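A.B. asks: Handing you a structure now.
Below is the structure:
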């Protein structure tokens, strides 16, 4: 198999390339002669055209997830959406401090925001996941108390791909009168979402995880029953007063186009990713000493697979993967080589967590690329195992 | 490159990607006495074991086993090359900090130099050849 003339990108969970149709859709909203006007400037036709483009995009995003367009609030990305959801609810109206429930495998956008709220005096419970990464509904039910204001659980984990039972978790929250936020940055367009049927009050989205541009995201804020939250950014009262600031028309158009394409291609993309991930997993399992971390196929988003390679430190392996872009999925400390907190949270040993790679595929990944990646990764693993201590196992 | 991943200098990168003294022993040392020493642990994410073939008070060949990050692998390879042909004495082993500086390891990775130093000294002690360790303190 020949070496490809490009890096094989297997890090779609980190970010995706913008779909060419997205790039094309964005361009008319940037320059002179295009629709560059401020969408808030409805006193002239150019502004109204920009406003129409924004509202069209809002509609596309809402359509993918079964929401109403007016429930979509544009932000700068999922991190801001998460901040707005958590801070917005915990700071809102009630006065004093309250109780927030989340889980240990959440993205840092949630965990760090929860830490900040804890420092303000709020109480935070971090639920422990099961070995496959799932949060049991009964564990959530036990954790809710009279002070609980908000529960935040991600839809799809960015490292191990586990899909949470959002429907069941949401029902518990609804019955107990607690707001429910879901970070769907990794799940939108990858697993079905129908907010008209789910007991979800707030949901975060990202543009760049779904073939849209970076720097744009959205927060779904339920209108019925109405969700109240404090704004984090002030200055003009844009976006129902939740998020002030001039709307980035070109970014919004890009995200809207990306979500529209994702809706059209949902089944195709899903099947494509699941097939390639299986090909990747099966090929690498043939090396021996390779194990899948986290959930089984039935509870995992099809585009992510996390694998442990016995007798290999993944940070070192990355240096040998010159033709393939993957990640360890961990925020390593160079001195301590701290293993992934997600893998640790599901009960893996430090050794196994350090030996793990996250591989994620996408719309533009090909079977030929997977075949080459299996060969390339396999050769690198064998090189490192050749100098690894004997009789070591993960 | 992942967040926190060490930035390697040219020499360290060369040793990492082209590790020296790997594979089986060369034929001419097959029957020579050997010494082995190790440091670190696999559970802590950094382990190295040096094996040395000795002849007439000299280290004639070195092999090593490593489980660890890029800096550790680079340091083990560099030290294996450095020790080959040297007297089988503690003085032949450079101080870990000196190795770390030679390899331009980041400050947070200097411990990897100390680890390979300890493993090499452990091997020399095992050989009964170690003398006063001038830089052990």
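Protein chains in written order, with my numbering: chain A, 228 to 621; chain B, 715 to 851.
Yeah, the Cβ is synthetic: ideal placement off N, Cα and C, and Gly gets one too.
All values reported here derive from a predicted model rather than from experimental measurement.
Apart from the five residues on each side of it in sequence, which residues of its chain come closer than 7 Å, Cβ to Cβ, to residue 514 (chain A)?
C.D. replies: 605, 608
A.B. asks: What in chain B is Cβ-close to residue 617 (chain A), meaning under 8 Å?
C.D. replies: 779
A.B. asks: Find the nearest neighbour of residue 535 (chain A) within the set A:596, A:583, A:266, judged by alpha-carbon distance.
C.D. replies: A:583
A.B. asks: Is there a C-beta anywhere in chain A that falls below 8 Å from the one on residue 757 (chain B)?
C.D. replies: yes
A.B. asks: For the alpha helix (DSSP H) containing residue 306 (chain A), name the first residue and the last one.
C.D. replies: 305–318
A.B. asks: Nearest chain A C-beta to residue 783 (chain B) closer than 8 Å, yes or no?
C.D. replies: yes
A.B. asks: Short check: CB of residue 287 (chain A) to CB of residue 487 (chain A), under 8 Å?
C.D. replies: yes
A.B. asks: Quick check on this structure: which residue in B:785, B:801, B:730, B:755 has the alpha carbon closest to the alpha carbon of residue 821 (chain B)?
C.D. replies: B:785
A.B. asks: Give the secondary structure of residue 599 (chain A) by DSSP, where H, G and I count as helix, E and B as strand, and everything else as coil.
C.D. replies: If DSSP states are grouped into helix, strand and coil, residue 599 (chain A) belongs with the helices.
A.B. asks: Are the C-beta atoms of residue 763 (chain B) and some chain A residue less than 8 Å apart?
C.D. replies: Chain A, which has a Cβ nearer than 8 Å to the Cβ of residue 763 (chain B), makes this yes.
A.B. asks: Using the Cβ count rule (16 or more neighbours within 10 Å means buried), how would you classify residue 394 (chain A)?
C.D. replies: exposed
A.B. asks: One question on the structure: do residue 350 (chain A) and residue 572 (chain A) come within less than 8 Å of each other, judged by their Cβ atoms?
C.D. replies: When the beta-carbon positions are compared, residue 350 (chain A) and residue 572 (chain A) stay at least 8 Å from each other.
A.B. asks: What whole-angstrom Cβ distance do residue 481 (chain A) and residue 252 (chain A) have, given they're in contact under 8 Å?
C.D. replies: 6 Å
A.B. asks: I'd like to know if the stretch 814–834 of chain B and the stretch 734–749 of chain B are in contact, where contact means that at least 3 CB-CB pairs between them fall below 8 Å.
C.D. replies: no
A.B. asks: Please compile the residues from chain B whose C-beta is within a distance smaller than 7 Å of the C-beta of residue 581 (chain A).
C.D. replies: Going along chain B in sequence order, the residues near residue 581 (chain A) (Cβ under 7 Å) are 759.
A.B. asks: Classify residue 437 (chain A): buried if its beta carbon has 16 or more other beta carbons within 10 angstroms, exposed otherwise.
C.D. replies: Residue environment for residue 437 (chain A): buried (at least 16 other C-beta atoms within 10 angstroms of its C-beta).
A.B. asks: Hey, how far is the Cα of residue 416 (chain A) from the Cα of residue 528 (chain A)?
C.D. replies: 11 Å
A.B. asks: Just reading off the beta strand (DSSP E) that residue 779 (chain B) is part of, what are its end residues?
C.D. replies: 772–781 is the span of the beta strand (DSSP E), which, as asked, contains residue 779 (chain B).
A.B. asks: Closer than 6 Å by C-beta to residue 830 (chain B): which residues in its own chain qualify, once you throw out the five before and the five after it? Chain order, please.
C.D. replies: 762, 789, 790, 793
A.B. asks: Is residue 561 (chain A) close to chain B? Criterion is C-beta to C-beta, closer than 8 Å.
C.D. replies: With a pLDDT of only 36 at residue 561 (chain A), under the threshold of 50, the placement of this residue in the model should not be trusted; the figure read from the coordinates follows. Judged by the 8 Å Cβ criterion, residue 561 (chain A) is in contact with chain B.
A.B. asks: Name the chain B residues whose beta carbon is nearer than 8 Å to that of residue 578 (chain A)?
C.D. replies: 756, 757, 759
A.B. asks: Any C-beta of chain A sitting closer than 8 Å to the C-beta of residue 787 (chain B)?
C.D. replies: yes
A.B. asks: Give every residue of the same chain whose Cβ lies closer than 8 Å to the Cβ of residue 621 (chain A), excluding the five residues on either side of it in the sequence, and list them in chain order.
C.D. replies: For residue 621 (chain A), the pLDDT reaches just 31, beneath the cut-off of 50, and the residue's location in the model is therefore unreliable, although a value from the coordinates is still provided. Excluding positions up to five away in sequence, the list reads 516, 518, 535, 536, 537, 538, 576, 578, 579, 582.
A.B. asks: Indicate the three-state DSSP secondary structure (helix, strand or coil) for residue 801 (chain B) in the structure shown.
C.D. replies: strand
A.B. asks: Can you grab the Cα-Cα spacing for the pair residue 240 (chain A) / residue 390 (chain A), in whole Å?
C.D. replies: 14 Å
A.B. asks: Short check: CB of residue 463 (chain A) to CB of residue 302 (chain A), under 8 Å?
C.D. replies: no
A.B. asks: Between the C-alpha atoms of residue 257 (chain A) and residue 512 (chain A), what's the straight-line distance to the nearest angstrom?
C.D. replies: Approximately 47 Å, taken between the alpha carbons.
A.B. asks: Look up residue 532 (chain A) in the DSSP assignment and give the residues it is bridged to.
C.D. replies: Note: residue 532 (chain A) sits in a beta bridge opposite A:586.
A.B. asks: Kindly indicate if chain A contains any beta-carbon less than 8 Å away from that of residue 730 (chain B).
C.D. replies: Chain A, which has a Cβ nearer than 8 Å to the Cβ of residue 730 (chain B), makes this yes.
A.B. asks: State the DSSP-derived secondary structure class of residue 263 (chain A), mapped to helix, strand or coil.
C.D. replies: coil
A.B. asks: Quick check on the DSSP output: what are the complete alpha helix (DSSP H) runs of length 4 or more inside the stretch 337–368 of chain A, in order along the chain?
C.D. replies: Taken in chain order, the complete alpha helix (DSSP H) segments of 4 or more residues contained in the stretch 337–368 of chain A number zero; there are none.
A.B. asks: If you compare alpha carbons, which of A:525, A:510, A:544 is closest to residue 601 (chain A)?
C.D. replies: Closest option to residue 601 (chain A), Cα to Cα, is A:510.
A.B. asks: In chain order, which continuous runs of the beta strand (DSSP E) of length 3 or greater are located wholly inside the stretch 370–448 of chain A?
C.D. replies: 375–379, 406–410, 429–433, 444–448
A.B. asks: Just checking: is the beta-carbon of residue 614 (chain A) within a distance shorter than 8 Å of some beta-carbon in chain B?
C.D. replies: yes
A.B. asks: Can you look up residue 486 (chain A) in the DSSP assignment and give me helix, strand or coil?
C.D. replies: helix
A.B. asks: Helix or strand or just coil, what does DSSP make of residue 256 (chain A)?
C.D. replies: helix
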